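One gets this note's numbering by counting positions in the sequence shown from 1 and adding 1 to each.
Here a beta-carbon is modelled for each residue, glycine too, at the ideal position from N, C-alpha and C.
Nothing here was measured: the structure is a model prediction, and the numbers come from that model.
Okay, structure first, notes after.
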Amino acid sequence: MTNTAAFFANPTDCIDSNTLFGEVKKIIISKDFKGGKINNVFGKTELDFTNADIQGLAVLDISETFGETVIIVPEDWRVETDQTLIMATFEDNRQAGVQKINPNKVLIITGCSIFASIKIIRRLY
Numbered sequence: 002m003t004n005t006a007a008f009f010a011n012p013t014d015c016i017d018s019n020t021l022f023g024e025v026k027k028i029i030i031s032k033d034f035k036g037g038k039i040n041n042v043f044g045k046t047e048l049d050f051t052n053a054d055i056q057g058l059a060v061l062d063i064s065e066t067f068g069e070t071v072i073i074v075p076e077d078w079r080v081e082t083d084q085t086l087i088m089a090t091f092e093d094n095r096q097a098g099v100q101k102i103n104p105n106k107v108l109i110i111t112g113c114s115i116f117a118s119i120k121i122i123r124r125l126y
């Protein structure tokens, strides 16, 4: 079962998502995204930031066990990771050598992944 929803920015411009044996797809439209927390247990979360923006740093804490997170980011965002990986993978599948990175738009991914994967992509197609 897939749950798809647009995320309309709340006053704090943060996201909180918990998935257990399911799949969640969220379209983030905040123009001042600050970060949030994602929890996956035997689940998948897809976050689409194509129409979102960040001002400075945003921290996304991802904790997952036997899960998967796919994050679609604009091409000008810099993505950094400070994740603990235990039998897990972190892949940045955007094109290497992208010259449009804005040093003032940084998404930092923290947390812990156990038997899980995180994929960063530019777009779905």
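(request) Flag this pair as yes or no: are the beta carbons of F116 and T82 separated by less than 8 Å? (result) Cβ atoms of F116 and T82: not closer than 8 Å.
(request) Count the other CB atoms, across all protein chains shown, that sit within 10 Å of the CB of D14; report buried if there are 16 or more and exposed otherwise. (result) buried
(message) Can you give me the C-alpha to C-alpha distance between M2 and I63, rounded to a whole angstrom?
(response) Reliability of the predicted coordinates at M2 is poor, the pLDDT of 49 falling under 50, and the value obtained from them is presented with this limitation in mind. C-alpha separation (whole angstroms): 21 Å.
(message) Counting C-beta neighbours from all protein chains within 10 Å, is the total for Q56 16 or more, i.e. buried, or is it exposed?
(response) By the neighbour-count rule (16 or more Cβ atoms within 10 Å), Q56 is not buried but exposed.
(request) Kindly indicate the opening and closing residues of the beta strand (DSSP E) around N41. (result) 36-42
(request) Please list, in chain order, all residues of the same chain as T46 whose beta carbon is under 6 Å from its beta carbon, the five residues on each side excluded. (result) S18, T20, V25, I39, T70
(request) Could you please give the first and the last residue of the uninterrupted beta strand (DSSP E) stretch that includes N105? (result) Premise fails: N105 is in no beta strand (DSSP E) and is neither H nor E.
(request) Would you grab the beta carbon distance between I72 and I28 for me? Rounded to a whole angstrom, and I think it's under 8 Å. (result) Your pair I72 and I28 does not check out as a contact, with CB atoms roughly 12 Å apart and the cut at 8 Å.
(request) Find out if the Cβ-Cβ distance for the pair F34, D54 is shorter than 8 Å. (result) yes
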